[in-house]
DNA sequence: GATGAATGAGCATTCATTCAT
DNA sequence: CATGAATGAATGCTCATTCAT
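Chains as they are written, first to last, in the numbering used here: chain A, 264 to 475; chain B, 264 to 475; chain C, 264 to 475; chain D, 264 to 475.
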């Protein structure tokens with residue numbers, strides 16, 4: 264096989280590193296961590312097996328880096344968008360934006376497979392689970408809780424359950440993600456419909472008590 | 264090592280088979296399918312490696328039998344309970360019973376790990392996914408939809424979203440299950456509180472429109 | 264499975280022993296010694312795996328007994344027939360009888376597979392090879408040599424080569440046997456034609472020099 | 264263990280491949296296909312177990328390659344020698360050359376063990392048997408038949424039996440080969456004497472009828 | 001840096017042999 | 001005696017990792 268051009272610049276190295284991460288995502292999500300073969304990762308990234316070890320010290324670390332780096336950026340973007348001080352969105356609007364973001368940044372991208380990997384393998388990768396809890400979950404739930412809290416304070420909506428369990432806002436997203444991976448071939452799921460229906464339920468549920 | 268007493272009767276065989284399945288559940292859920300070692304399964308079941316093969320022809324089949332048999336029975340029990348004709352439960356009562364069942368039959372038992380295995384490995388075991396969709400998911404969603412449908416018909420509650428997406432009833436259960444496996448050590452989840460909060464939301468959301 | 268009737272009489276035991284030997288021949292000649300499974304031998308003999316060990320102490324010994332016992336009897340019969348003092352056969356007649364015997368007692372019976380087993384596995388079973396050399400080969404070659412010798416002495420035929428190399432009389436039989444096992448499906452061999460042709464050659468070759 | 268120098272060039276690879284084939288021949292002919300251990304092959308070739316799999320995808324294929332490649336070349340050489348148009352050899356001379364070739368290229372080399380492997384295991388390797396029939400046997404018999412045919416046509420010798428059954432020319436070679444493997448330790452065989460005796464017989468048998 | 005040949009620990013599976021029933 | 005469940009050593013094959021080129 265042709266020998267790849269040595270990656271002399273920082274940019275070259277970053278590009279090659281990314282190629283390996285991309286390939287790794289494909290292989291890990293197709294086969295799972297244990298069954299994925301580093302040789303296949305290398306082949307998919309168009310590098311030699313040994314080259315992978317120039318960028319990642321082990322299969323384990325490669326996996327960790329993969330799930331660690333892929334999600335951080337989208338989550339930060341979301342935070343900036345939803346918490347921007349100038350935006351005075353209602354909680355329904357926030358949730359709608361949240362589901363739209365889930366759809367466009369997670370479900371419809373390779374990030375869906377990253378999240379699925381975390382759900383599937385996280386229990387065996389304590390650092391991954393910790394990282395996800397800290398960087399993604401905590402942060403995401405915090406966002407929801409923050410909005411729900413503000414809303415409840417103004418009396419604009421009965422969002423007290425979401426304050427205590429912001430997880431509930433994420434629940435349909437989890438369902439959509441898992442369904443897509445597991446059952447879509449047997450019974451396709453209308454993800455948007457699901458989100459809309461859930462939003463409709465929440466909206467009615469959060470209706471403030473009518474004034475006398 | 265001491266030789267196990269030969270399992271001559273049908274009962275003995277069933278017991279040993281079950282011991283192997285139990286051990287397999289432990290190993291598979293601790294390590295995942297690919298990384299689990301049949302030798303460890305055997306050791307945990309207190310039999311020799313070769314004995315496992317007297318009961319299951321391969322690791323693959325052992326895994327499939329494991330997830331296939333463990334869940335069927337509880338699901339059927341649930342169906343009988345919820346659809347018993349004499350019971351005229353409101354949808355809120357049904358959901359409450361459902362969450363209680365989830366709690367006692369899934370979350371608090373080894374079945375939790377079985378379901379997690381399905382979520383984690385199902386994508387690589389098409390037959391498992393198909394089986395689960397057919398025997399567990401379809402059936403479960405059918406139950407919910409049936410109740411929601413009856414309820415909507417009587418006008419007793421606005422359950423039309425649950426008719427279209429009974430998945431939503433299961434969503435918090437999925438969240439609770441995954442959370443338990445992944446993040447409980449970092450931030451314990453009050454599962455009952457979660458279910459209660461969700462029920463409260465649903466109850467308000469399904470409030471029928473007040474008559475004029 | 265039904266438990267076989269215990270073999271109480273000597274006859275019973277002999278019959279069961281023979282059933283196992285028959286089954287062993289089938290399995291060993293289909294798969295070779297190493298690849299043959301004792302479990303299959305037992306199944307074919309309609310006994311349990313453990314029963315085989317009541318009759319033969321190991322797979323090795325079973326194989327040795329098999330090839331040891333099967334051939335002895337036919338060879339002794341042949342000897343009695345060919346060397347019967349009253350028969351004053353010419354060497355051509357003896358050879359013809361020999362090939363007929365080869366045909367009917369070896370090539371057309373299960374003995375063919377025994378001999379093939381010896382040819383194939385003998386090198387790894389020194390005792391088998393020794394036994395065969397002593398009981399079958401030596402004896403057979405001795406017979407031929409004896410006849411050839413007598414014949415040469417009378418001047419009835421130029422059989423001196425067969426005296427020194429009685430192996431040559433057996434050569435076409437070996438060829439026929441191997442061909443049947445290996446190449447018959449690709450190009451069937453007319454065994455009788457082969458023997459006849461060889462006999463014709465030998466007959467002409469042994470023609471005594473014409474008297475002046 | 265010392266790591267073998269990586270075989271980067273085509274030549275290096277061919278050499279290592281050959282080392283493995285040589286080791287495989289040793290192991291297979293000592294133990295038979297089923298009982299030979301790939302680990303021993305590797306050790307004998309001074310490589311690690313895994314290395315064997317870089318050159319041959321399975322034990323089966325290793326065996327097939329072994330018997331496939333070893334014989335072809337000598338057979339082709341023989342064909343070129345015997346059928347060279349300029350050589351106008353008598354059939355006796357051809358047979359003599361043939362036996363000399365058998366001796367120097369088969370019986371006295373590792374090829375003897377290859378042929379014995381084919382005779383022993385061929386029945387379980389249909390492709391091997393087919394290959395041998397096609398490339399070696401058919402071709403060899405064709406050569407003999409061709410010469411015998413030419414000879415018969417000129418009336419120079421009565422070789423009609425060899426035309427119909429060229430197998431007969433090969434018979435003593437088969438006998439010599441098997442004897443060497445099985446019985447030589449008990450009763451050494453004078454292979455050259457055997458061939459000479461056979462040639463003497465054939466020569467007399469093929470004597471053309473004396474003209475009146 | 002990049003390569004990919006070499007390594008050998010690791011694991012699923014088989015099967016001769018044992019022995020409790 | 002007969003059985004066949006149980007055993008565990010043995011072996012083909014894989015693949016993460018190393019390192020000579």
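Backbone N, C-alpha and C define an ideal beta-carbon position, used for all residues, glycine too.
What you are looking at is a predicted structure, and each value in this text was computed from that prediction instead of being measured.
Under a CB-based cut-off of 8 Å, is residue i close to chain A?
{"i": "residue 399/B", "result": "no"}
{"i": "residue 378/B", "result": "no"}
{"i": "residue 323/B", "result": "no"}
{"i": "residue 302/B", "result": "no"}
Is it buried or exposed for residue i, if we count other Cβ within 10 angstroms and need 16 for buried?
{"i": "residue 381/D", "result": "buried"}
{"i": "residue 372/C", "result": "exposed"}
{"i": "residue 304/B", "result": "buried"}
{"i": "residue 335/A", "result": "exposed"}
{"i": "residue 444/A", "result": "buried"}
{"i": "residue 379/B", "result": "buried"}
{"i": "residue 429/D", "result": "buried"}
{"i": "residue 367/B", "result": "exposed"}
{"i": "residue 422/B", "result": "buried"}
{"i": "residue 475/A", "result": "For residue 475/A, the predicted structure reports a pLDDT of 48, less than 50, and the residue's modelled location is therefore unreliable. The matter cannot be settled from this model."}
{"i": "residue 333/A", "result": "buried"}
{"i": "residue 310/D", "result": "buried"}
Using beta carbons (cut-off 8 Å, strictly below), is residue i in contact with chain D?
{"i": "residue 290/C", "result": "no"}
{"i": "residue 393/C", "result": "yes"}
{"i": "residue 461/C", "result": "yes"}
{"i": "residue 438/C", "result": "yes"}
{"i": "residue 431/C", "result": "yes"}
{"i": "residue 335/C", "result": "no"}
Would you give the residue range spanned by the alpha helix (DSSP H) that residue i belongs to?
{"i": "residue 417/A", "result": "401-417"}
{"i": "residue 281/D", "result": "273-294"}
{"i": "residue 471/A", "result": "Here residue 471/A belongs to no alpha helix (DSSP H), and DSSP marks it neither H nor E."}
{"i": "residue 435/B", "result": "430-445"}
{"i": "residue 312/A", "result": "312-318"}
{"i": "residue 421/D", "result": "It is not in any alpha helix (DSSP H) - residue 421/D carries neither H nor E in the DSSP assignment."}
{"i": "residue 369/B", "result": "No alpha helix (DSSP H) holds residue 369/B; DSSP gives it neither H nor E."}
{"i": "residue 303/C", "result": "301-307"}
{"i": "residue 393/C", "result": "389-394"}
{"i": "residue 376/B", "result": "374-384"}
Should residue i and residue j be called a contact, given that it needs their Cβ atoms to be closer than 8 Å?
{"i": "residue 295/D", "j": "residue 405/C", "result": "no"}
{"i": "residue 357/D", "j": "residue 410/D", "result": "yes"}
{"i": "residue 438/B", "j": "residue 434/A", "result": "yes"}
{"i": "residue 414/D", "j": "residue 365/D", "result": "no"}
{"i": "residue 377/D", "j": "residue 330/D", "result": "yes"}
{"i": "residue 420/D", "j": "residue 471/D", "result": "yes"}
{"i": "residue 291/B", "j": "residue 326/B", "result": "yes"}
{"i": "residue 299/D", "j": "residue 283/D", "result": "no"}
{"i": "residue 468/C", "j": "residue 467/D", "result": "yes"}
{"i": "residue 322/A", "j": "residue 288/A", "result": "no"}
{"i": "residue 286/A", "j": "residue 279/A", "result": "no"}
{"i": "residue 476/A", "j": "residue 370/A", "result": "No answer is possible for residue 476/A: the residues shown for chain A start at 264 and end at 475."}
{"i": "residue 297/A", "j": "residue 383/B", "result": "no"}
{"i": "residue 375/B", "j": "residue 457/B", "result": "no"}
{"i": "residue 446/D", "j": "residue 449/C", "result": "no"}
{"i": "residue 425/D", "j": "residue 436/D", "result": "no"}
{"i": "residue 462/C", "j": "residue 359/C", "result": "yes"}
Is residue i close to chain B, meaning its C-beta is less than 8 Å from at least one C-beta of that chain?
{"i": "residue 408/A", "result": "no"}
{"i": "residue 403/A", "result": "no"}
{"i": "residue 326/A", "result": "no"}
{"i": "residue 270/A", "result": "no"}
Indicate, with yes or no, if the ligand PLP has a heavy atom lying under 7 Å from the CB of residue i.
{"i": "residue 353/C", "result": "This structure simply doesn't include the ligand PLP, nor any ligand for that matter."}
For chain C, is any of its Cβ atoms less than 8 Å away from the one on residue i?
{"i": "residue 342/D", "result": "no"}
{"i": "residue 385/D", "result": "yes"}
{"i": "residue 295/D", "result": "yes"}
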